[in-house]
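> One structure, as structure tokens, below. Some questions next.
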Amino acid sequence: MTGTQVAQRRERILTAAVRQRLIDRDDALLAGFVDLDGVAGSVAALQEAFPDSVAVLHAFAAKANPLVPLLAELRGLGMGCEVASAGELAQALAAGFTPEHIVFDSPAKTRAELFQALELGVTVNADSFQELARIADILATRSSTSQIGVRINPQVGAGSISASSTATATSKFGIALEDDGNVERLVQAYQEHPWLTWVHTHVGSQGCPLDLIAQGIAKTVAFAEKVNAELGRRQITGIDIGGGLPVDFDTDHTAPGFDTYVAKLRAHAPALFTGEYRMATEFGHSLLSKNGFTAAYVEYTKTSGQRPIAITHAGAQVAARTVFQPDSWPLRIAAHHPNGTAKIGPLVAQDIAGPLCFAGDLIARARPLPALVPGDIVALLDTGAYCFSAPYHFNTLPEPAVYGVRTDADGDFRFELLRSAQTINDLFTRASR
Ligand SMILES: *Cc1c(COP(=O)(O)O)cnc(C)c1O
């Protein structure tokens with residue numbers, strides 16, 4: 102789809118949602134939407150980018166959007182699931198993923214969590230030498246069908262957003278490959294533990310250039326080759342290359358695509374494509390961000406110090422990253438009439454504020470948009486990942502409903518509830534004994 106077609110589809114989805122009162126001035130002031138046809142397209146693009154000659158498990162990074170019906174949808178599309186906490190593991194299991202299609206990454210797995218994962222047969226990537234020792238302890242007394250890997254930090258450096266750069270020299274993730282003695286210790290671990298057959302890396306997320314990601318993966322592949330050469334046997338049979346394909350938050354285009362990413366991998370790490378290694382990927386952002394938006398009513402407008410401000414119902418509770426790190430995570434905003442149609446008119450620099458009681462609760466500052474008035478709707482674009490699905494609980498604001506939407510055979514939009522809105526009672530019980 103062209104950028105214009107994407108914008109028109111979004112407008113039609115929003116007008117249909119207003120007609121069906123999924124977003125409503127009286128009792129649904131805010132809602133999230135996930136375009137399930139778009140998700141299917143993104144998953145297909147990912148699957149098609151990798152050649153059939155390589156066995157790949159594409160595991161969706163659950164933290165990007167862990168709503169169970171959405172995870173089930175992704176499972177139906179042939180995805181696996183990457184989880185990073187006991188809660189996400191429970192969500193993945195509830196979505197019907199079989200343990201061999203679940204990958205458990207976390208730097209803080211407890212003994213009980215490791216025990217459960219190994220008992221189930223979930224793939225486990227150890228994040229440290231201490232965690233490897235715990236796994237060895239558990240496996241000394243019982244066998245497991247889990248694939249077990251170790252996360253290495255290739256230390257290739259940071260992208261433009263430090264909080265999402267995981268392969269810096271001092272990153273908290275993985276075993277630092279360049280630190281003195283670590284390669285030797287790792288080779289020894291593979292030598293001692295025949296069950297250690299995978300290696301994992303995740304170089305970073307938004308803000309990391311593709312070449313940096315590909316360099317980190319290339320170092321990981323070279324490490325696997327070295328281990329296998331030193332051991333004189335192909336013990337490492339699988340490489341988990343993580344996620345992190347950057348997303349274009351500036352336009353309605355999807356770039357770079359998964360095909361560009363795979364071309365970079367082929368250039369930097371050709372050994373990945375010989376068929377000798379199985380592979381896993383862990384994409385989140387790039388599968389969901391552009392397939393979702395958040396719609397909120399404008400409640401009031403005012404002018405302060407000559408600056409027009411629209412007070413809306415979308416703030417840090419659904420866009421925490423943008424509110425707290427506005428320079429790293431700017432969001433596009435579209436202005437719509439109360440019936441959902443796109444608003445056009447002269448652009449006026451406006452602050453788009455949320456409802457939370459702190460001054461920084463702004464989705465955008467001095468953003469040129471058609472003049473907003475109470476009752477208009479703002480759409481926060483590209484928010485299908487890490488936004489309404491990662492709520493921030495401040496001011497006891499409820500999590501909004503989230504709807505999946507797809508086009509039926511007649512060309513009409515069919516909405517399905519992915520998460521119901523929290524009620525005041527739900528919130529009240531969370532703050533009570
Ligand atoms: C967050 C994360 C991902 C997903 O990153 P995206 O930028 O959403 O693709 C994958 N793997 C690990 C280990 C992560 O922490």
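Numbering (the numbering used here), first residue to last: 102 to 534.
Think of the CB as a built atom: it goes at the ideal place given N, C-alpha and C, for glycine as much as any other residue.
Short check: CB of residue 274 to CB of residue 238, under 8 Å?
Taking the first residue of the sequence shown as position 1, residue 274 is located at position 173. Taking the first residue of the sequence shown as position 1, residue 238 is located at position 137. No, the pair does not count as a contact, with Cβ atoms beyond the cut-off.
> Among residues of its own chain, excluding the 5 on either side of residue 532, which ones have a beta-carbon nearer than 8 Å to its beta-carbon?
Within the sequence shown, the letter at position 431 stands for residue 532. For residue 532, where only same-chain residues beyond five positions count, the Cβ hits under 8 Å are 497.
> Tell me whether residue 206, by its Cβ, gets closer than 7 Å to a heavy atom of ligand 1.
Locating residue 206 in the sequence shown gives position 105, counting from the first residue. Result yes, Cβ under 7 Å from ligand 1.
> Pick from 512, 440, 154, 167: whose alpha carbon is nearest that of residue 486?
Numbered from its first residue, the sequence shown carries residue 486 at position 385. Looking at the Cα atoms, 167 is the closest of the given residues.
> In three-state terms, what does DSSP make of residue 210?
As a working mapping, residue 210 is identified with position 109 in the sequence shown. Three-state DSSP puts residue 210 in coil, outside helix and strand.
> Residue 410: which of 427, 139, 465 sits nearest, CA to CA?
Taking the sequence shown and counting its residues from 1, one reaches residue 410 at position 309. Residue 410 has its Cα closest to that of 465, out of 427, 139, 465.
> Count the other CB atoms within 10 Å of the CB of residue 293; is the residue buried (16 or more) or exposed (fewer)?
The residue you call residue 293 lines up with position 192 of the sequence shown. Exposed is the call here.
> Can you check whether the CB of residue 258 is closer than 8 Å to the CB of residue 269?
As a first step, residue 269 is located in the sequence shown; it is residue number 168 there, counting from the start. As a first step, residue 258 is located in the sequence shown; it is residue number 157 there, counting from the start. Going by C-beta atoms, residue 269 is nearer than 8 Å to residue 258.
> Are the CB atoms of residue 309 and residue 345 nearer to each other than 8 Å?
In the sequence shown, the residue the question calls residue 309 occupies position 208. In the sequence shown, the residue the question calls residue 345 occupies position 244. Against a cut-off of 8 Å, the Cβ pair of residue 345 and residue 309 comes out as a contact.
> Secondary structure at residue 393, three-state DSSP: helix, strand or coil?
Here residue 393 refers to the residue found at position 292 of the sequence shown. Residue 393: strand per DSSP, three-state reduction.
> Taking only heavy atoms of ligand 1 into account, decide whether any of them is closer than 7 Å to the Cβ of residue 486.
Here residue 486 corresponds to residue number 385 of the sequence shown, with the count starting at 1. Result yes, Cβ under 7 Å from ligand 1.
> Under a three-way DSSP split, which group does residue 369 fall into?
Here residue 369 refers to the residue found at position 268 of the sequence shown. The answer is helix: DSSP assigns residue 369 an H, G or I state.
> Quick check on residue 238: does DSSP put it in helix, strand or coil?
As a working note, residue 238 is residue 137 in the sequence shown. Three-state result, residue 238: helix.
> As a quick exercise: from 358, 370, 415, 470, pick the residue whose alpha carbon is nearest that of residue 391.
Residue numbering aside, residue 391 sits at position 290 when the sequence shown is read from its first letter. For the residues 358, 370, 415, 470, the minimum Cα distance to residue 391 belongs to 358.
> Tell me, which residues are paired with residue 403 by DSSP?
Against the sequence shown, residue 403 aligns to sequence position 302. Residue 403 pairs with 410.
> I'd like the list of long-range same chain contacts for residue 372, defined as Cβ closer than 7 Å, with 5 residues on each side in sequence excluded.
Position 271 of the sequence shown, counted from the first residue, corresponds to residue 372. Same-chain partners within the cutoff: 322, 326.
> Nearest by alpha-carbon distance to residue 347: which of 370, 339, 388 is it?
Counted from its first residue, the sequence shown places residue 347 at position 246. Closest by alpha carbon: 388.
> Per DSSP, residue 297 is paired with what?
Within the sequence shown, the letter at position 196 stands for residue 297. Answer by DSSP bridge pairing, in chain order: 249.
> In the DSSP assignment, find the beta strand (DSSP E) that holds residue 482 and state where it starts and stops.
Counting from one through the sequence shown, the residue named residue 482 turns up at place 381. No beta strand (DSSP E) contains residue 482, which DSSP labels as neither H nor E.
> Under 8 Å between the Cβ atoms of residue 338 and residue 291?
Within the sequence shown, residue 338 is the residue found at index 237, counting from 1. Within the sequence shown, residue 291 is the residue found at index 190, counting from 1. No, the pair does not count as a contact, with Cβ atoms beyond the cut-off.
> Going by C-alpha to C-alpha distance, which of 435, 439, 440, 130 sits closest to residue 448?
Residue numbering aside, residue 448 sits at position 347 when the sequence shown is read from its first letter. For the residues 435, 439, 440, 130, the minimum Cα distance to residue 448 belongs to 435.
> Report the three-state DSSP secondary structure of residue 265 (helix, strand or coil).
Position 164 of the sequence shown, counting from 1, holds the residue named residue 265. If DSSP states are grouped into helix, strand and coil, residue 265 belongs with the helices.
> To the nearest angstrom, how far is it from the Cα of residue 148 to the Cα of residue 474?
Here residue 148 refers to the residue found at position 47 of the sequence shown. Here residue 474 refers to the residue found at position 373 of the sequence shown. If you take the alpha carbons of residue 148 and residue 474, they lie about 44 Å apart.
> So for residue 451, helix, strand or coil by DSSP?
The residue you call residue 451 lines up with position 350 of the sequence shown. Correct three-state label for residue 451: strand.
> How would you write the range of the alpha helix (DSSP H) that residue 324 sits in, first residue to last?
Working through the sequence shown from its first residue, we reach residue 324 at position 223. Segment 311-332, the alpha helix (DSSP H) holding residue 324.
> Are at least three pairs of beta-carbons, each pair with one atom in the stretch 124-138 and one in the stretch 506-518, less than 8 Å apart?
Judged by Cβ distances under 8 Å, the stretch 124-138 makes contact with the stretch 506-518, as three or more pairs qualify.
> Which two residues bound the contiguous beta strand (DSSP E) that contains residue 517?
Along the sequence shown, read from residue 1 onward, the residue named residue 517 stands at position 416. Counting along the chain, the beta strand (DSSP E) containing residue 517 begins and ends at 514-520.
> Is residue 354 a contact residue of ligand 1, with contact defined as CB to any heavy atom under 7 Å?
Along the sequence shown, one-based indexing puts residue 354 at 253. No, since every heavy atom of ligand 1 falls outside the 7 Å radius drawn around the Cβ of residue 354.
> I'd like the span of the alpha helix (DSSP H) that includes residue 530, first residue to last.
The count along the sequence shown starts at 1 and reaches residue 530 at position 429. From DSSP, the alpha helix (DSSP H) with residue 530 extends over 525-531.
> Have a look at 455, 479, 400, 385 and flag the residue whose alpha-carbon is nearest the alpha-carbon of residue 182.
What you label residue 182 is simply residue 81 of the sequence shown in a count that begins at 1. Out of 455, 479, 400, 385, 385 has the C-alpha closest to the C-alpha of residue 182.
> Beta-carbon within less than 8 Å of residue 190's beta-carbon, same chain only, minus the 5 sequence neighbours each way: which residues are those?
In the sequence shown, the residue the question calls residue 190 occupies position 89. Cβ neighbours of residue 190 beyond the five flanking positions: 184, 203, 205, 214, 217, 218, 223.
> With distance defined between alpha-carbon atoms, name the residue in 280, 289, 324 nearest to residue 301.
In the sequence shown, counting from the first residue as 1, residue 301 sits at position 200. Ranking the options by Cα distance to residue 301, first place goes to 324.
> Note down, in chain order, each residue of its chain lying with its Cβ closer than 7 Å to the Cβ of residue 462, except the 5 sequence neighbours on either side.
Here the question's residue 462 lines up with position 361 in the sequence shown. For residue 462, where only same-chain residues beyond five positions count, the Cβ hits under 7 Å are 416, 417, 424, 454, 455.
> So, residue 111 versus residue 480, is the Cβ gap smaller than 8 Å?
On the sequence shown, residue 111 is found 10 positions in, with the first residue counted as 1. On the sequence shown, residue 480 is found 379 positions in, with the first residue counted as 1. Yes; because the gap between Cβ atoms is below 8 Å, this pair is in contact.
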